[in-house]
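Convert by adding 3 to the 1-based position in the sequence shown; the result is the number in this note's numbering. Glycine residues also receive a C-beta, built at the ideal position from the N, C-alpha and C atoms. Source: prediction; values computed, not measured. What follows is one structure encoded as structure tokens, with my remarks underneath.
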Amino acid sequence: MPGMDLTQPFRGSHAIAARQLTPGALRGPRFHRLFPDIYVPADAQVDLELLSRAAYLLVAGRGALGGHSAAELLGADCAPLGVPAEIVSPHRVRPRRDLIARQDDIPSDELQELGGLVVTTPLRTAYDLGRRTPLVEAVVAVDALAHVHHFDIRDVLLIARRHLGARGSAQLPEVVALSDRRADSPMETRIRLALHSAGLPLPHLQHAVGPYLLDLAYPAVRIAVEYNGHHHLDPDRALHDLEREAYLTAAGWTVLRFGAYLVRRRPDLVAARVRVRLVAAARAAALPLESLAAA
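This is how it looks when you write it as structure tokens:
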């Protein structure tokens, strides 16, 4: 009989019972304890997916992964840095470090099985994150889930009607109004919301210029706004970016790029810098600023 896979989250008591490990080995430097009796290799990268799998093992089938844990397993990478795993259960589950435990009896048609785990469906996950997280993070989550799973964002409100009076539901209409499943990344969404919060015209999303797509664009004045992420440091990607930059410059476009620190910590500065360029470009083109907004 094959032994337990000790490269994934496992129950220490089971590994000892199966004689794969001794208590001393389990307490030694080779393994790291995430939750009571739940261990991973000491060199494992403890990210949200790993924490979520460990949390699911902890509750032993008495709950489902919800919130950002469900979003992560569903392929929508939208969680803020350092967010805990989340379990939703009809039973009381003790919250712990790195674990949010919610007591809720979720209807079976709002749950699905995914690789041996039970998670909330994409639409239910969007509904939960849309009402339980601050506005920006709520829109980020709904954008990401709708982008990956192609549901109609307005259907989030249909889920809300099934759960009238649920805490946080009053925020959902605004979240739905601000969300757009065309958004290609959480940082793109954060930039878009920074511009909206500052009262700037909403940009066109995924605007095509020749063979390239611009994240956020104002075609009337040929200004684009994009997130400059770590992937741009890859040599092949850097070469692609140089070719793209040359093409866009030749086509008369100005691309404003912003890194993670400004987008996350100083969205007001992002909006202020975009405002300066938009106002100048609109004035030069004799266009009212509001005319630059996407229809």
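So, is residue i buried or exposed, given that buried needs 16 or more other C-beta atoms within 10 angstroms?
i, result
"Glu310", "Summary: the structure shown does not reach residue 310, with the chain confined to residues 4 through 298, and so no result is reported for it."
"Pro270", "buried"
"Asp183", "buried"
"Gly66", "buried"
"Tyr264", "exposed"
"Arg193", "buried"
"Pro12", "buried"
"Ser294", "exposed"
"Pro125", "buried"
"Val282", "exposed"
"Leu196", "buried"
"Val145", "buried"
"Ala79", "buried"
"Glu75", "buried"
"Leu84", "exposed"
So, under 8 angstroms CB-CB, residue i and residue j are touching, yes? Tell me the CB distance rounded to an integer number of Å.
i, j, result
"Leu114", "Thr128", "Actually they do not touch by this definition, with Cβ atoms about 10 angstroms apart."
"Leu216", "Val228", "13 angstroms between Cβ atoms; not a contact."
"Val266", "Met190", "5 angstroms"
"Arg280", "Ile226", "6 angstroms"
"Ala82", "Leu102", "With a Cβ gap of about 14 angstroms, Ala82 and Leu102 do not count as contacting."
"Ile90", "Leu60", "That belief does not hold up - the Cβ atoms of Ile90 and Leu60 are roughly 11 angstroms apart, past 8 angstroms."
"Pro291", "Ala285", "7 angstroms"
"Tyr230", "Ser188", "7 angstroms"
Excluding the 5 residues preceding and the 5 following residue i in the sequence, name in chain order all residues of the same chain whose CB lies nearer than 8 angstroms to its CB.
i, result
"Pro44", "Leu9, Thr10, Arg33, Phe34, His35"
"Ala288", "Ala223, Val224"
"Ile19", "Thr25, Pro26, Leu29"
"Pro176", "Leu160"
Among the options, which residue has its Cα nearest to the Cα of residue i?
i, options, result
"Val178", "Ser188, Pro98, Val142", "Val142"
"Ala58", "Arg286, Ala79, Gln23, Arg14", "Arg14"
"Gln23", "Leu292, Leu54, Gly6, Thr136", "Gly6"
"Leu251", "Ala211, Gly262, Pro238", "Ala211"
"Asp108", "Arg247, Glu248, Val258, Arg165", "Arg165"
"Trp256", "Gly262, Gly232, Gly213", "Gly213"
"Pro39", "Arg100, Thr136, His243", "Arg100"
"His17", "Glu248, Ala63, Glu52", "Ala63"
Take residue i and list the residues in its own chain whose beta-carbon comes closer than 7 angstroms to its own, dropping the five residues that flank it on each side.
i, result
"Pro98", "Ala104"
"Ala297", "Leu205, Pro206, His207"
I'd like the list of long-range same chain contacts for residue i, defined as Cβ closer than 6 angstroms, with 5 residues on each side in sequence excluded.
i, result
"Leu29", "Gly15"
"Ala201", "Ala274"
"His153", "none"
"Gln209", "Arg185, Leu216"
"Ser111", "none"
"Glu52", "Glu75"
"Arg260", "Glu229, Asn231"
Is there contact here, the stretch 169-185 with the stretch 114-124, by at least three beta-carbon pairs under 8 angstroms?
With a cut-off of 8 angstroms, the stretch 114-124 and the stretch 169-185 do not count as touching, because too few Cβ pairs lie within range.
Count the CB pairs spanning the stretch 142-150 and the stretch 90-100 that are closer than 8 angstroms, and state whether there are at least three.
Flag = no, the stretch 142-150 and the stretch 90-100 do not touch.
Using 8 angstroms as the Cβ pair cut-off and three pairs as the minimum, do the stretch 156-163 and the stretch 199-210 touch?
Verdict: no, contact absent.
For the stretch 129-138 against the stretch 68-77, are there 3 or more C-beta pairs whose distance is under 8 angstroms?
Output reads yes: the stretch 68-77 touches the stretch 129-138.
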